[in-house]
Amino acid sequence: LSGWRGLLGWFPKEDREKALANLERVGLRDKAYVRVDQLSGGQRQRVGIARALMQDPEVLLADEPVSALDPATSHSIMQYLEQMNRQDGVTVIASLHFLSLARRYGTRIIALKDGQLVFEGSPTAIDNAKFKEIYGEDAEEVEVR
Numbered sequence: 001l002s003g004w005r006g007l008l009g010w011f012p013k014e015d016r017e018k019a020l021a022n023l024e025r026v027g028l029r030d031k032a033y034v035r036v037d038q039l040s041g042g043q044r045q046r047v048g049i050a051r052a053l054m055q056d057p058e059v060l061l062a063d064e065p066v067s068a069l070d071p072a073t074s075h076s077i078m079q080y081l082e083q084m085n086r087q088d089g090v091t092v093i094a095s096l097h098f099l100s101l102a103r104r105y106g107t108r109i110i111a112l113k114d115g116q117l118v119f120e121g122s123p124t125a126i127d128n129a130k131f132k133e134i135y136g137e138d139a140e141e142v143e144v145r
């Protein structure tokens with residue numbers, strides 16, 4: 001019966017309240033009744049975070065959560081993920097291509113190259129030589145501020 005309720009849009013009051021509270025957490029309470037396809041890319045990412053919070057997860061896998069987002073929105077998304085980790089105790093595993101974001105928000109970095117582990121450790125332990133080993137000799141680090 002609960003599956004039919006969802007299909008028909010009949011959700012228990014506690015679920016509706018929780019959904020609105022999660023939208024509030026990601027700064028989208030005012031968009032609660034706007035269709036997702038009418039939202040910007042950053043707003044859609046935040047809806048994804050709010051949806052994940054509905055499940056009360058222990059672990060969240062975020063596959064390139066900031067791809068195609070501007071720097072300010074990227075930091076905003078990363079701050080929401082950081083908040084989930086610190087306030088809710090959710091382990092967040094994120095694949096990121098910007099080392100500056102990984103350094104700023106990560107507590108541990110695992111770097112792969114061609115499917116092989118090339119680094120595992122603290123964000124501060126990645127120096128320029130390790131960066132070039134991960135990304136290639138011609139790579140230059142780009143700061144996302």
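In terms of my numbering, the sequence shown opens at residue 1 and continues consecutively. Ideal placement from N, C-alpha and C gives every residue a C-beta, glycine not left out.
How big is the Cα-Cα spacing for residue i and residue j?
i, j, result
"Arg-146", "His-97", "With the chain running from 1 to 145 in the structure shown, residue 146 is simply not present."
"Asp-114", "Arg-16", "44 Å"
"His-75", "Ala-139", "23 Å"
"Ala-68", "Gly-41", "8 Å"
"Tyr-80", "Phe-119", "26 Å"
"Tyr-34", "Thr-73", "The displayed chain sequence assigns Val, not Tyr, to residue 34. Rounded to whole angstroms, Val-34 to Thr-73 spans 20 Å at the Cα level."
"Arg-103", "Tyr-135", "15 Å"
"Pro-123", "Val-47", "28 Å"
In terms of residue numbering, what span does the beta strand (DSSP E) encompassing residue i cover?
i, result
"Ile-93", "91-95"
"Val-118", "116-121"
"Ala-62", "59-63"
Consult DSSP for residue i and reduce its assignment to one of helix, strand or coil.
i, result
"Gly-41", "helix"
"Tyr-135", "helix"
"Leu-28", "coil"
"Ile-109", "strand"
"Val-36", "helix"
"Ala-125", "helix"
"Val-142", "coil"
"Gly-9", "coil"
"Ala-68", "coil"
Hey, quick one: how far does the alpha helix (DSSP H) through residue i stretch, first residue to last?
i, result
"Ala-21", "13-25"
"Glu-82", "71-88"
"Leu-101", "99-105"
Requested in this report: Report yes or no: do three or more beta-carbon pairs, one from the segment 47-64 and one from the segment 22-29, lie closer than 8 Å?
Outcome: Yes, since at least three Cβ pairs between the segment 47-64 and the segment 22-29 fall closer than 8 Å, the two stretches touch.
Query - Meets three-Cβ-pair contact criterion under 8 Å: the segment 78-90 and the segment 100-109 - result: Touching, per the Cβ criterion.
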